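This report refers to the structure that appears directly beneath it.
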Amino acid sequence: MKRKNEFLYEFIYEQLANGVKRTFVQIDEIAKQRLGDLYNQKQLRNLLYNLVSKNELGQDGNEYYCLCKKEIGIISEYLRELENICRKTERKLKNPFENYHGQGLLEAEKLYRINKEVLKLIKSYE
Numbered sequence: 030m031k032r033k034n035e036f037l038y039e040f041i042y043e044q045l046a047n048g049v050k051r052t053f054v055q056i057d058e059i060a061k062q063r064l065g066d067l068y069n070q071k072q073l074r075n076l077l078y079n080l081v082s083k084n085e086l087g088q089d090g091n092e093y094y095c096l097c098k099k100e101i102g103i104i105s106e107y108l109r110e111l112e113n114i115c116r117k118t119e120r121k122l123k124n125p126f127e128n129y130h131g132q133g134l135l136e137a138e139k140l141y142r143i144n145k146e147v148l149k150l151i152k153s154y155e
């Protein structure tokens, strides 16, 4: 299973921007519509859980997700995660037929190129 966290990070922060609070069901429905083939509910749920655990997102008593007041370091955390994804994918692409099958190889190469481009853009703003 390939990782799509970079799309989910971006999507989650966009959905919770400006003090908006949403339940998992609301985020899930929007994600299905907006992300299309890139959508994976298990990854979305895990990422939301991990972000809450890292205190980058908050969760109130009614299980609504929201951005925490402490947003410092979110971009650097995203950058580190993206760099890790790129490194792992790069290693796997060195022996592509051991790690991917058919369409998975094409998708991995495509995501790798996209991730590298996103990294380049982020670093150009530092």
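30 is the number of the first residue of the sequence shown in the numbering used here; add one for each residue after it.
Heads up, the beta-carbon is just placed ideally off N, CA and C, and yes, glycines get one too.
The model shown is predicted, which means the values in this text are computed figures rather than measured ones.
Under the three-state DSSP convention, the category residue i falls into
i, result
"residue 115", "helix"
"residue 101", "Only weak support exists for where residue 101 lies, its pLDDT of 45 falling under 50; the coordinates are left without a value."
"residue 86", "strand"
"residue 107", "helix"
"residue 67", "helix"
"residue 141", "helix"
Close-in-space but distant-in-sequence residues of the same chain around residue i (CB under 7 Å, 5 per side omitted)
i, result
"residue 33", "Bear in mind that a pLDDT of 49 at residue 33, under 50, signals an unreliable position, so the model cannot answer this."
"residue 51", "44, 45, 93 and 94"
Residues near residue i in its chain [Cβ-Cβ closer than 6 Å; skip 5 each side]
i, result
"residue 121", "128"
Buried versus exposed call for residue i [16 or more other C-beta atoms within 10 Å across all chains shown]
i, result
"residue 38", "buried"
"residue 146", "exposed"
Own chain, CB closer than 8 Å to residue i, minus 5 neighbours either side, in chain order
i, result
"residue 48", "95 and 96"
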